[in-house]
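Reading through the structure tokens given below for one structure.
Numbering (our numbering), first residue to last: 143 to 465.
Structural data, given as structure tokens:
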């Protein structure tokens with residue numbers, strides 16, 4: 143088994159710890175978080191986990207092959223460099239960083255050195271996204287005309303994210319960084335480079351809060367992509383990624399479900415995930431991502447997002463938020 147060191151045991155880190163515990167080829171060996179309470183919770187759910195006293199102890203630990211970084215974005219580059227200095231592979235949550243210039247320098251150095259590193263964009267490996275990509279490659283909907291992304295949250299952060307206070311702050315959080323990032327990654331991977339056309343961001347009256355609405359237009363490989371997102375109390379949560387072609391449309395819904403448009407223009411579940419099981423789809427997506435990470439660590443073929451992809455999407459997201 144490949145040993146994993148974990149930095150950050152907040153919402154994402156704790157979830158990943160649980161998923162690693164289910165995986166046949168990976169083992170979470172050692173972890174660190176600035177919160178003693180977070181560490182205690184992790185030790186309760188993963189009794190064999192070693193409690194590190196510092197980030198340096200994690201990155202230098204001899205029995206790991208990879209460092210998983212799930213700390214707030216402002217710390218990502220420092221921790222990536224520490225892991226690389228110790229010869230460890232990197233598996234990092236998005237966004238890659240908040241500083242474009244510093245992030246570019248780190249990515250270029252990692253590419254130059256051939257260091258194994260990846261970003262956690264689940265759409266890279268999730269079965270529904272893989273099936274969608276296959277359908278596009280097979281020409282199922284004909285020439286691609288446009289992509290539309292619809293995102294609605296009744297609250298932000300979501301209920302399961304409340305403990306991560308930084309997610310509601312403008313400096314590092316917001317649904318554009320946390321959710322739109324994933325959707326633009328998928329557009330970039332399937333269609334091509336991103337180009338900003340227009341962005342209209344709605345901010346709260348205070349100077350600290352994250353955005354409450356966004357209307358974004360970009361192009362991906364020349365294909366128009368329209369993203370509309372908002373936080374609206376009492377609304378039903380919606381997370382849709384729809385690609386329309388000359389002969390039909392396909393839609394990712396609820397992150398990991400796949401639908402296709404029928405002849406009567408109603409949506410029906412794609413055969414790939416019929417009947418749709420939300421919990422099962424989330425589990426399958428997480429395990430498929432870890433399968434890819436396992437392959438990366440073994441030097442094999444994998445679907446993991448590169449740091450270059452993460453940097454390109456990060457730069458687009460920050461340009462959108464500056465608009």
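Cβ coordinates follow ideal geometry from the N, Cα and C atoms, glycine included.
A quick note: this is a predicted structure, and the numbers were derived from the prediction, not measured.
Through-space distance from residue j to residue i, alpha-carbon basis
i           : j           : result
residue 187 : residue 458 : 37 angstroms
residue 247 : residue 253 : 10 angstroms
residue 437 : residue 168 : 11 angstroms
residue 423 : residue 398 : 6 angstroms
residue 352 : residue 359 : 20 angstroms
residue 361 : residue 409 : 25 angstroms
residue 316 : residue 250 : 27 angstroms
residue 383 : residue 291 : 5 angstroms
residue 366 : residue 448 : 24 angstroms
residue 242 : residue 219 : 11 angstroms
residue 297 : residue 321 : 13 angstroms
residue 371 : residue 194 : 39 angstroms
residue 473 : residue 148 : The question about residue 473 has no answer, for the chain in this structure spans 143 to 465.
residue 368 : residue 319 : 16 angstroms
residue 222 : residue 150 : 13 angstroms
residue 245 : residue 453 : 7 angstroms
residue 402 : residue 420 : 17 angstroms
residue 216 : residue 261 : 15 angstroms
residue 332 : residue 175 : 35 angstroms
residue 309 : residue 299 : 6 angstroms
residue 263 : residue 161 : 15 angstroms
residue 189 : residue 391 : 47 angstroms
residue 266 : residue 225 : 23 angstroms
residue 443 : residue 268 : 16 angstroms
residue 312 : residue 234 : 21 angstroms
residue 228 : residue 281 : 45 angstroms
residue 389 : residue 406 : 13 angstroms
Backbone secondary structure at residue i - three-state DSSP
i           : result
residue 412 : coil
residue 236 : coil
residue 325 : helix
residue 371 : strand
residue 383 : strand
residue 446 : coil
residue 215 : helix
residue 363 : coil
residue 290 : strand
residue 295 : strand
residue 203 : coil
residue 283 : coil
residue 221 : helix
residue 257 : coil
residue 395 : strand
residue 320 : helix
residue 271 : helix
residue 353 : coil
residue 405 : coil
residue 419 : coil
residue 452 : helix
Whole-angstrom C-beta distance between residue j and residue i, which should lie under 8 angstroms
i           : j           : result
residue 387 : residue 287 : 6 angstroms
residue 446 : residue 435 : 6 angstroms
residue 157 : residue 429 : With a Cβ gap of about 13 angstroms, residue 157 and residue 429 do not count as contacting.
residue 343 : residue 465 : 6 angstroms
residue 341 : residue 355 : About 11 angstroms; that fails the 8 angstroms criterion.
residue 326 : residue 200 : So it is not a contact: roughly 30 angstroms between Cβ atoms.
residue 381 : residue 396 : 6 angstroms
residue 460 : residue 330 : That pair is no contact at about 15 angstroms.
residue 385 : residue 289 : 5 angstroms
Below-8 angstroms beta-carbon distance, residue i vs any chain B residue
i           : result
residue 205 : Among the chains of the structure shown, chain B does not appear; only one protein chain is present.
- Unbroken stretches of the alpha helix (DSSP H), 4 residues or longer, contained in the segment 143-201: 153-164 and 178-187
- Query: So does the segment 198-212 actually touch the segment 162-177, counting three or more Cβ pairs closer than 8 angstroms?
  - Reply: yes
- Between the segment 335-344 and the segment 272-283, do three or more beta carbon pairs fall short of 8 angstroms? no
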